[in-house]
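Structure, as structure tokens:
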Amino acid sequence: MSEKLFNEILELIDTIDQRVDTIHALCKDTVSDFKTVQELSQNLLDEIEKKCGGKEE
5 MSEKLFNEIL
15 ELIDTIDQRV
25 DTIHALCKDT
35 VSDFKTVQEL
45 SQNLLDEIEK
55 KCGGKEE
């Protein structure tokens, strides 16, 4: 294998690694956002239940 080809492969591996890191960071942000939305939704439901006199059984 030529040295030029070997270096190109190393560059591609590095690029892929960087993109995987980016995707991982975006996923962590998405999970964090989802948890925030879940918490806000639960808070809203709690407030509605308080104002309407509790849960229906």
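Just so we're on the same page, the numbering used here is the position in the sequence shown counted from 1, plus 4. C-beta atoms are modelled at their ideal positions from N, C-alpha and C, and glycine is treated no differently.
- Rounded to whole angstroms, the separation of the alpha carbons of V35 and Q42 is 10 Å.
- In the same chain as L30, and ignoring 5 residues on each side of it, no C-beta atom comes closer than 8 Å to its own.
- Boundaries of the alpha helix (DSSP H) harbouring C31: E7 to K55, taken from the DSSP string.
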